[in-house]
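Before any comments, here is the structure.
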Amino acid sequence: MASAGSSDLAVEGTMRPHARKTGVVVEDIDGEVLVYDLARNQAHCLRGITALVWRCADGQLTVEAIVNRAQEDFAGDATEDAVWSALESLFDAHLLVEPIAGPSLAFIQSRREMMRRIVGEQA
Amino acid sequence: MQSSALPHASPEWSGSDPAVLTLSMFGVRIEVRVEDPSLVERILTCLPVGGNTDSSARIDRTYEILKTAPWLSRKGASDSPTGERYLLADRSLVWQSTDDDALCSRFQSDIELFLAVRARTHAIVHAGVVGWHGRAIVMPGRSLNGKTTLVEALIREGAEYYSDEYAVLDPNGFVSPFPRRRRLWIRRNPQMRHVCVPEDLGASAGTTPIPVRSIVVTEYQPGAVSQPRRLTPGEAVLALLSNAPAARHQPGYLLRTFGTTARGAVTWSGPRGDATDFAKQLLNLIATTLDG
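Have a look at this one:
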């Protein structure tokens, strides 16, 4: 089973997440970001760190830089895990241009792979 | 702050045979062709009240109410021998029936929904609306979620009736009554509903736009103990959007309009039990939270 070691984390920190800015309608409301996905006809309300990550994810800033930006705005609440969690949420909502593999995503993917193998062996 | 009031006029009837009625409302122009002149007065009662007759605007939808099946009329056939009438929207059959009440009811629902979807000057939401001390309480929700029952309970507590079907929101965060002839469908028991007007319940009906002060996202659940929680403005916008027929057609306009509405209001959410108890609780909540 693959694991996210310290070297993986270093690589992941240099990734440059890119939020979808086309095919969506965006409206800011009192610090919240409302995103309407025109393709899926789904609306999302982004708050707190997730809203900040959405704003920062321009394909230029690294995850590490976004974590630093989040820590400036949210102090102790803005852990690296929280930023990765926000990226996962954005990915799940189809709001990232392309998938980004963070520590927990890698874990989820490896867990899915493990389940596939278990099921495969039992079949 | 000024709010854009709804236009006031009557649908125009050209007096021709078949009758051609035209209606412009919310930036949408509709034409209704009625083949049987004896049905015109009845059809007029189904149309939204107000509107203007801007004949320069292009027609967004044409309704036809025919005595002859459209697929037979092309072959020169006469009226339906069974007395059926046919409702068409832009040449597509919507409904056919020998029951004029059913046909008119379907026509009214269809035209109201079309206006809700295509409105250009206002954002229209499935919602009950009452006025309370000059401000509006808006309760978004689909049909059969208990909106009318809650509206009835609130007006029995002294609120002013605005709507039990649609809220008409303008870009300034004001709400107007939906321009239909006022009526309430009061449920007497699960099998029977009774139609009445707000005045029958001792209520007055609001006619002017008022600012939205509270948004209440609730649904009847038997035995529920109401403990409404506050929603953020963003969550309030999502709640309004999920009840807006036009969400897919003009999301940007709706997000902006609902954003303005939600900024000026306090939003609560949660299931409710008995409507009368909840109405009292809600008005008390508004008094202690917003008026206090």
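Sequence lines, in order, name chains A and B. Residues in the first sequence are numbered consecutively from 1, following the working numbering. Residues in the second sequence are numbered consecutively from 1001, following the working numbering. A virtual CB, placed ideally from N, CA and C, is assigned to each residue, including glycine. Bear in mind the structure is a predicted one, so any value in this text is a computation, not a measurement.
Taking Cβ positions only, does residue 90 of chain A come closer than 8 Å to chain B?
-> At least 8 Å separates the CB of residue 90 of chain A from every CB of chain B.
Consider the Cβ of residue 1157 of chain B: report whether some Cβ of chain A lies at a distance smaller than 8 Å.
-> no
Within the same chain, show all residues whose beta-carbon is closer than 8 Å to that of residue 1135 of chain B, passing over the 5 residues directly before and after it, in chain order.
-> 1210, 1211, 1212, 1213 and 1214
Please decide whether residue 1141 of chain B counts as near chain A, where near means a Cβ-Cβ distance under 8 Å.
-> So, not an interface residue.
Leaving out the 5 sequence neighbours to the left and right, which residues in its chain are closer than 8 Å to residue 1207 of chain B when beta-carbon positions are compared?
-> 1177
Does the segment 48-55 of chain A come close enough to the segment 1245-1261 of chain B that 3 or more CB-CB pairs lie under 8 Å?
-> They do not touch, by the three-pair rule.
The beta strand (DSSP E) enclosing residue 1170 of chain B, as first and last residue numbers | Careful: residue 1170 of chain B lies outside any beta strand (DSSP E) and carries neither H nor E.
Contact under 8 Å by Cβ, residue 1166 of chain B with residue 1125 of chain B = The answer is yes: Cβ separation under 8 Å.
Residue range of the beta strand (DSSP E) that residue 1127 of chain B falls in?
-> 1123-1132
DSSP three-state call for residue 43 of chain A: helix, strand or coil?
-> Here residue 43 of chain A carries a strand assignment [DSSP, helix/strand/coil].
Cut-off 6 Å between Cβ atoms - residues of its own chain near residue 1267 of chain B, not counting five sequence neighbours on either side = The residues are 1215, 1231 and 1236.
Have a look at residue 75 of chain A and residue 1161 of chain B and give me their C-alpha separation to the nearest angstrom.
-> 48 Å
Give a yes or no on whether the minimum CB-CB distance between residue 1290 of chain B and chain A is below 8 Å.
-> no
Over the uninterrupted alpha helix (DSSP H) stretch that includes residue 1251 of chain B, give me the two end residues.
-> 1251-1263
What does DSSP give as the partner residues of residue 1093 of chain B in its beta bridges?
-> B/1088
Taking 8 Å as the cut-off, decide whether the C-beta atoms of residue 59 of chain A and residue 18 of chain A are in contact.
-> yes
Could you give the uninterrupted runs of the alpha helix (DSSP H) lying entirely in the segment 68-101 of chain A, keeping only those of 4 residues or more?
-> 80-92
Start-to-end residues for the beta strand (DSSP E) that takes in residue 1059 of chain B = No beta strand (DSSP E) contains residue 1059 of chain B, which DSSP labels as neither H nor E.
For chain A, is any of its Cβ atoms less than 8 Å away from the one on residue 1233 of chain B?
-> yes
Return the CA-CA distance between residue 1293 of chain B and residue 1099 of chain B, expressed in angstroms with no decimal places.
-> Residue 1293 of chain B lies beyond the residue range present for chain B, which begins at 1001 and ends at 1292; the question has no answer from this structure.
Proximity below 8 Å, CB of residue 1026 of chain B to CB of residue 1115 of chain B | Contact flag set, yes.
By Cβ distance, which residues of its chain are closer than 6 Å to residue 1132 of chain B, with the 5 residues on each side in sequence left out?
-> Taken in chain order, the residues that qualify are 1159.
Backbone secondary structure at residue 1148 of chain B - three-state DSSP = When secondary structure is reduced to three states using DSSP, residue 1148 of chain B falls in the helix class.
Taking Cβ positions, are residue 1152 of chain B and residue 1283 of chain B nearer each other than 8 Å?
-> No.
Interface flag, residue 20 of chain A vs chain B, CB-CB below 8 Å | no
Is residue 1148 of chain B buried or exposed, if buried means 16 or more other CB atoms sit within 10 Å of its CB?
-> With 16 or more other Cβ atoms within 10 Å, it is buried.
Which of helix, strand or coil does DSSP assign to residue 1041 of chain B?
-> helix
Bridge partners - residue 36 of chain A, DSSP secondary structure assignment = A/25 and A/43
Residue 1030 of chain B and residue 1111 of chain B look like a contact to me (Cβ under 8 Å); what is the Cβ gap, rounded to whole Å?
-> 7 Å
Can you tell me whether DSSP reads residue 1035 of chain B as helix, strand or coil?
-> coil
Measure the C-alpha to C-alpha separation of residue 1265 of chain B and residue 1130 of chain B and round it to an integer number of angstroms.
-> 14 Å
Which residues does DSSP pair with residue 20 of chain A in a beta bridge?
-> Partner(s): none; residue 20 of chain A has no beta bridge.
Taking DSSP as the reference, what is the three-state secondary structure of residue 64 of chain A?
-> helix
Considering only the beta carbon of each residue, do residue 1170 of chain B and residue 1249 of chain B sit closer than 8 Å?
-> no
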